[in-house]
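**Q** Protein chains in written order, with numbering that gives the first Met the number 0: chain A, 0 to 263; chain B, 0 to 306; chain C, 0 to 336.
The beta-carbon is built from N, C-alpha and C at its ideal position, and this holds for glycine as well.
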Amino acid sequence: MGGVTGGGLELRGVVKDFPTRRRSGRATRRALDRIDLVVAPGEFACLVGASGSGKSTLLSLVAGLIRPTAGEILLDGAPVTRPGPERGLVCQTGALYPWRTVERNVGFGLELLPLPRAERARRVAWYLEEVGLTDQRRSLPRQLSGGQRQRVAIARALACEPEVVLLDEPFGALDVQTKEDMQVFLRQVWQDTGTTVLMVTHDVEEAVFLGQRVVVLANDPGRVAAEITVGLPAERGLETKRTAEFRALRSQVEDLVRAGQRVG
Amino acid sequence: MTVGSAASVTGPTAATAAGVAGAGGVERSGRAGWPELPRRRVPKRARAPRVFAIGQELPPGLRWTVRALSVLSPLAAWFALAASGWVDPTFLPSPAAVWSAGMEMVRSGDLLTDTAASVRRVAFGFGLAVAISVPLGIAMGSLGVGRAAFEPVIGLLRYLPASAFIPLLIMWLGLGEPSKIALLVIGVVFFNTLMTADVVRLVPRDLLDVSSTLGATQWELLRKVIVPHSLPGIIDAMRVNAAAAWNFVVVAELIAATSGLGYRIARAQRFLQTDRIFAVLVVIGLIGLALDVGLRLLRDSVGRWAA
Amino acid sequence: MPRRTLAAVALVAVLGIATALAGGCSAKPTSTAGQPGGTIVLGFSAWPGWFPWQVAADQGLFGKNGVQVELKYFDSYTDSLNALATGSIDANSQTLNDTLASVAGGAKESIVLVNDNSTGNDQIIARPGIASVADLKGRTVAAEQGTVDHYLLLLALAKAGLSEADITFRPLPTDAAAAAFVAGKVDAVGVFAPFTTTALGRPGSRAVATSRDFPGAIPDHLVVSRALLTDNPTGVQALVRTWFDTLAWITANPAAAVTIMARRAGVSAADYATYDKGTTIFTLAQNLDAFTPGSTDAHLDYQARKISDFLVQTKLIDTRPDLTSLFEPRFVQAVKP
């Protein structure tokens with residue numbers, strides 16, 4: 000495996016305003032201001048920025064859960080209007096169905112399709128193997144650790160063969176060791192499936208480790224401050240984090256984030 | 000003790016009494032010169048009675064003892080009080096008298112017919128109320144339009160006492176079972192709807208969002224996400240309202256009943272048969288308990304995943 | 000608040016509550032009926048033979064006979080029966096059959112006076128299309144469970160060769176029964192005046208049986224608890240005297256009396272006047288006759304035995320009542336004509 004199966008994402012002039020409850024002053028708050036962004040098919044792109052920079056809002060827009068105030072969002076040239084399995088979502092809480100076993104969680108999206116049961120079972124088994132949870136297929140989510148739950152969430156999104164996988168701070172709630180294991184795991188999965196990935200994170204180290212490109216958002220209003228190409232080799236392990244190039248890149252991105260953090 | 004750098008003062012014994020510059024550059028006075036902080040005297044008794052410690056579960060043996068006592072003590076007091084002769088047996092019949100009155104009603108077949116009649120009424124009334132309130136509550140909890148449309152009306156109707164409807168129900172539905180069942184429905188349906196809606200509203204936003212991205216339609220969201228997630232909570236609400244419905248059956252039987260446990264109490268009252276009244280109350284209590292335990296078991300088996 | 004002040008306020012509050020409780024306990028929590036000069040609680044409900052008590056209260060006739068009376072009106076006749084049986088009131092106005100039922104259940108009560116006999120004001124009223132009691136077969140009839148008009152219904156059915164099994168009986172308090180009949184929910188209803196006026200409001204309805212058909216079957220009484228009898232016979236005597244004084248006052252002031260009684264009944268004076276024939280108020284002489292033992296319908300002990308048999312036979316009661324010391328003639332015997 001390794002061929003590109005993902006689609007290309009394009010954001011043109013995306014603006015998002017939210018109504019505010021303040022009685023005085025503006026009636027709306029601008030969360031995102033004219034975002035232009037392109038993610039190539041099969042690319043792993045990370046979005047970083049200080050809190051309030053609208054990273055999660057941007058992801059919700061791409062997922063189709065909310066609509067932009069202005070501008071367009073295109074997937075393979077077609078406009079995004081509503082949520083769908085071609086844009087899979089993995090959120091920080093995992094959002095697994097607590098009453099379903101692991102394998103029935105992974106199979107949720109497939110159940111909605113006209114798929115013979117045997118075919119569905121085959122695919123579920125493959126993705127469970129991919130995320131290393133075959134032995135836990137009959138467990139309930141509450142019996143799993145945080146890292147295992149996120150793996151189930153990723154498998155569930157991938158089982159629908161999305162063109163792009165959207166991840167919103169998926170490892171934010173995990174401890175450092177588990178987080179690093181999950182980062183290595185995610186890169187492996189990405190290389191195996193060739194899906195386009197857009198991941199939001201506040202952890203700069205994680206963004207540099209995982210991404211081929213890091214997009215820095217400034218806040219208030221949210222806008223693209225900078226894009227950094229990560230010139231690190233395709234094969235990356237945890238030891239990569241100790242190299243000089245890695246540390247230089249990380250510092251560079253961190254400075255950009257901090258620069259974009261200024262209020263107003 | 001450090002010298003010079005004001006930013007690293009570490010204790011009340013700071014050298015400078017003149018003041019310390021805070022983070023914002025504003026002068027704050029140091030802690031020198033403060034009186035010693037009063038300390039509470041720790042009570043001598045190291046072994047405070049564990050029974051009354053807040054937030055502590057009792058050890059299992061003690062817990063079961065207290066539970067048993069809470070049931071057996073009133074029972075024992077009842078036996079003692081009746082035997083002492085202080086109270087007129089008409090006002091407080093002895094447990095033995097209550098038992099024999101109960102047995103007499105069993106033998107005459109009255110207890111069976113009365114229980115069957117009351118249980119049938121509650122089954123129909125509560126069943127109908129659930130059939131109305133659960134779908135309505137789900138609609139109210141998941142759809143903005145559902146909430147806006149129904150909440151004001153239900154919020155108002157819920158405050159009308161059901162027994163006030165009796166004359167109207169007699170006029171609209173007559174004197175037979177329909178008016179009694181309608182009374183039970185009125186007493187329960189509004190509360191159950193609101194409680195169901197509250198449960199449904201608690202389905203996490205994330206879960207619904209992710210389900211949409213997996214391709215679920217509105218209807219699939221309802222069927223496959225909202226309903227399974229809400230089911231244990233809905234059963235809990237039903238448990239509470241089933242108890243209310245069971246209590247209500249006595250009121251419902253004021254409408255021209257010729258059988259039923261509430262009816263039996265009214266008849267017994269006329270002839271000062273307090274032993275019968277007590278016996279019927281015991282039966283009512285036991286059935287209510289069985290109802291509660293049954294629904295609790297149902298909830299536990301359905302909601303095993305909910306911790 | 001400084002701690003001393005708080006302690007002082009708490010102390011005062013505790014003392015205040017303690018005093019209130021103590022004061023409350025020392026005041027008599029139960030009736031004073033037992034003492035000579037104490038207040039007797041007398042209950043009554045809607046019936047032309049009992050509305051004179053309202054006249055007595057309004058005209059202060061109880062006081063004139065040296066007795067303090069709290070007159071308690073009951074919307075539900077059955078509630079008044081239960082109140083006397085459990086001792087929450089000292090005296091009540093009840094029919095003979097209902098008194099027998101209470102006594103059968105263990106209540107300790109005695110009959111000291113005959114107010115009247117029902118001679119038409121208890122009625123079984125049926126909708127148009129039902130010409131007689133025999134036509135009630137298979138129909139629905141409402142009446143107050145176990146009390147006087149249920150009893151009248153059974154008497155009427157028995158006379159027509161039927162029993163309760165031949166009809167569908169719907170127990171309802173009398174006022175609700177009348178309302179249900181008017182609303183068309185039942186085919187017939189057993190009611191007493193003033194609810195007869197309500198029930199007859201249904202167009203085309205008429206009485207198919209009345210208490211006139213069963214003379215002597217429904218006497219109405221002043222019934223007192225045995226406790227009152229033993230503790231305050233003077234008070235009981237005063238009640239009986241007041242009754243006859245009231246009758247005299249009503250004879251002397253008919254218009255004023257009807258105004259008071261019609262108001263209590265909730266009907267117009269004209270409607271109230273129509274109840275006249277249906278309730279035959281007993282004179283002192285009739286009272287004396289009734290209380291002497293005998294073996295015709297005119298004698299209370301005979302009626303009591305007859306009614307007891309009927310109540311047991313129709314399962315309105317389970318066991319026969321004990322008739323010893325049920326009737327206390329001495330109070331009417333002591334009244335000077």
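In chain order, what residues of the same chain lie with their CB nearer than 7 Å to the CB of residue 301 of chain C, ignoring the 5 residues before and after it?
**A** Taking the first residue of the third sequence as 1, we reach residue 301 of chain C at position 302. Same-chain partners within the cutoff: 293, 294, 295.
**Q** In terms of residue numbering, what span does the alpha helix (DSSP H) encompassing residue 232 of chain C cover?
**A** Counting from one through the third sequence, the residue named residue 232 of chain C turns up at place 233. 232-251 is the span of the alpha helix (DSSP H), which, as asked, contains residue 232 of chain C.
**Q** By DSSP's criteria, residue 326 of chain C is part of a beta bridge. Which residues make up the other side?
**A** Walking along the third sequence from the start, residue 326 of chain C turns up at place 327. Its beta-bridge partners are C/110.
**Q** Using a Cβ-Cβ cut-off of less than 8 Å, give me the residues of the segment 181-203 of chain C that come near chain B, in sequence order.
**A** 182, 184, 185
**Q** Closer than 9 Å, CB to CB, is residue 270 of chain B near chain C or not?
**A** Looking up residue 270 of chain B in the second sequence gives position 271. Answer yes: the Cβ-Cβ gap between residue 270 of chain B and chain C drops below 9 Å somewhere.
**Q** Please confirm whether residue 151 of chain A has its beta-carbon closer than 9 Å to some beta-carbon of chain B.
**A** Against the first sequence, residue 151 of chain A aligns to sequence position 152. Not one chain B Cβ lies under 9 Å of residue 151 of chain A.
**Q** Compile a chain-ordered list of the residues in the segment 63-84 of chain A whose CB is closer than 9 Å to at least one CB of chain B.
**A** So the close ones are 63, 64, 81, 82, 83, 84.
**Q** Which runs of the alpha helix (DSSP H) fall wholly inside the segment 174-218 of chain C and span at least 4 residues, in chain order?
**A** 194-198
**Q** From the DSSP secondary-structure annotation, give me the bridge partner or partners of residue 168 of chain C.
**A** Locating residue 168 of chain C in the third sequence gives position 169, counting from the first residue. Bridge partners of residue 168 of chain C: C/140.
**Q** Hey, which unbroken runs of the beta strand (DSSP E) at 3 residues or more fall wholly within the segment 91-170 of chain B?
**A** none
**Q** In whole angstroms, what is the alpha-carbon distance linking residue 185 of chain B and residue 121 of chain B?
**A** Sequence index remark: in the second sequence, residue 185 of chain B carries index 186 (1-based). Sequence index remark: in the second sequence, residue 121 of chain B carries index 122 (1-based). Cα to Cα, residue 185 of chain B sits roughly 12 Å from residue 121 of chain B.
**Q** Between the Cα of residue 81 of chain A and the Cα atoms of A/58, A/240, A/90, which residue gives the shortest distance?
**A** Residue numbering aside, residue 81 of chain A sits at position 82 when the first sequence is read from its first letter. When only C-alpha atoms are compared, the closest one is A/58.
**Q** I need the straight-line Cα distance from residue 10 of chain B to residue 14 of chain A, nearest angstrom please.
**A** In the second sequence, the residue the question calls residue 10 of chain B occupies position 11. In the first sequence, the residue the question calls residue 14 of chain A occupies position 15. Low local confidence applies: a pLDDT of 46 at residue 10 of chain B is under 50, so the model's placement there is unreliable, and no value is given.
**Q** Checking contacts by CB at 9 Å: is residue 115 of chain A closer than that to chain B?
**A** Taking the first sequence and counting its residues from 1, the one referred to as residue 115 of chain A is at position 116. False, the Cβ-Cβ gap to chain B never drops below 9 Å.
**Q** For residue 136 of chain A and chain B, any beta-carbon pair shorter than 9 Å?
**A** For the purposes of this step, residue 136 of chain A is identified with residue 137 of the first sequence, where counting begins at 1. For residue 136 of chain A, the answer is no, since every Cβ of chain B falls outside 9 Å of its Cβ.
**Q** Under three-state DSSP, which class holds residue 227 of chain B?
**A** Here residue 227 of chain B refers to the residue found at position 228 when the second sequence is read from its first residue. Note: residue 227 of chain B maps to helix in three-state DSSP.
**Q** Using a Cβ cut-off of 8 Å, pull out every chain B residue sitting near residue 169 of chain C, in sequence order please.
**A** The sequence position of residue 169 of chain C within the third sequence is 170, counting from 1. Those within 8 Å of residue 169 of chain C in chain B are 174, 255, 257.
**Q** Does any residue of chain B have a CB that is nearer than 9 Å to the CB of residue 264 of chain C?
**A** Looking up residue 264 of chain C in the third sequence gives position 265. No - not a single Cβ of chain B is within 9 Å of the one on residue 264 of chain C.
**Q** I want to know whether the segment 211-230 of chain B touches the segment 98-109 of chain A - three or more CB-CB distances under 8 Å.
**A** yes
**Q** Determine, using beta carbons only, whether residue 105 of chain C and residue 89 of chain B come nearer to each other than 9 Å.
**A** By 1-based counting over the third sequence, the position of residue 105 of chain C is 106. By 1-based counting over the second sequence, the position of residue 89 of chain B is 90. Yes, the Cβ-Cβ distance between residue 105 of chain C and residue 89 of chain B is below 9 Å.
**Q** What does residue 169 of chain B touch in chain C if you count any residue whose Cβ is under 9 Å from its own?
**A** Locating residue 169 of chain B in the second sequence gives position 170, counting from the first residue. Per Cβ cutoff of 9 Å: 171, 175, 178, 179, 182, 184.
**Q** Please check if any C-beta of chain B sits within less than 9 Å of the C-beta of residue 101 of chain C.
**A** By one-based count along the third sequence, residue 101 of chain C stands at place 102. The C-beta of residue 101 of chain C comes closer than 9 Å to at least one C-beta of chain B.
**Q** Short of 8 Å in beta carbon distance, which residues of its chain neighbour residue 205 of chain A, apart from the five on each side in sequence? Order them along the chain.
**A** Residue numbering aside, residue 205 of chain A sits at position 206 when the first sequence is read from its first letter. So the list reads 45, 170, 178, 182, once near-sequence residues are dropped.
**Q** Let me know the secondary structure DSSP gives residue 21 of chain C once reduced to three states.
**A** Along the third sequence, one-based indexing puts residue 21 of chain C at 22. Caution is warranted here: a pLDDT of 46 is assigned to residue 21 of chain C, below 50, making its placement in the model unreliable, and no coordinate value can be reported.
**Q** Return the CA-CA distance between residue 111 of chain A and residue 245 of chain B, expressed in angstroms with no decimal places.
**A** Within the first sequence, the letter at position 112 stands for residue 111 of chain A. Within the second sequence, the letter at position 246 stands for residue 245 of chain B. Residue 111 of chain A and residue 245 of chain B: Cα-Cα distance of roughly 42 Å.
**Q** Who are the near neighbours of residue 54 of chain A in its chain, counting only those whose CB is closer than 7 Å to its CB and skipping five residues on each side?
**A** Translated into positions along the first sequence, residue 54 of chain A becomes position 55. Excluding positions up to five away in sequence, the list reads 46, 48, 199, 216.
**Q** Does the distance from the CB of residue 278 of chain C to the CB of residue 52 of chain C come in under 9 Å?
**A** Here residue 278 of chain C corresponds to residue number 279 of the third sequence, with the count starting at 1. Here residue 52 of chain C corresponds to residue number 53 of the third sequence, with the count starting at 1. No, these two residues do not count as a Cβ contact at 9 Å.
**Q** Can you find a C-beta in chain B that's less than 9 Å from the C-beta of residue 107 of chain A?
**A** Here the question's residue 107 of chain A lines up with position 108 in the first sequence. By this cut-off, residue 107 of chain A is an interface position.
**Q** At which residues does the beta strand (DSSP E) containing residue 27 of chain A begin and terminate?
**A** For the purposes of this step, residue 27 of chain A is taken as residue 28 along the first sequence, with counting starting at 1. Where residue 27 of chain A is concerned, the enclosing beta strand (DSSP E) stretches over 27-38.
**Q** Taking beta-carbon pairs under 8 Å, can you tell me which members of the segment 133-161 of chain C lie near chain B?
**A** 139, 141, 144, 145
**Q** Spell out whether any CB of chain C is found under 9 Å from the CB atom of residue 92 of chain B.
**A** Mapped onto the second sequence, residue 92 of chain B falls at position 93. No, no contact with chain C.
**Q** Please confirm if residue 371 of chain B has its CB atom under 9 Å from at least one CB of chain C.
**A** With chain B represented from 0 up to 306, any question about residue 371 of chain B goes unanswered, as that position is not in the structure.
**Q** Chain A beta carbons: is any one of them nearer than 9 Å to that of residue 219 of chain B?
**A** Taking the second sequence and counting its residues from 1, one reaches residue 219 of chain B at position 220. At least one chain A Cβ lies under 9 Å of residue 219 of chain B.
**Q** If the cut is a Cβ gap below 9 Å, which residues of chain B does residue 125 of chain A touch?
**A** Taking the first sequence and counting its residues from 1, one reaches residue 125 of chain A at position 126. In chain order: nothing, as chain B lies at least about 17 Å away.
**Q** Would you say residue 129 of chain A lies against chain B (beta-carbon separation less than 9 Å)?
**A** Taking the first sequence and counting its residues from 1, the one referred to as residue 129 of chain A is at position 130. Not an interface residue.
**Q** Roughly how many whole angstroms lie between the Cα atoms of residue 96 of chain C and residue 217 of chain C?
**A** Taking the third sequence and counting its residues from 1, the one referred to as residue 96 of chain C is at position 97. Taking the third sequence and counting its residues from 1, the one referred to as residue 217 of chain C is at position 218. One C-alpha to the other measures close to 7 Å.
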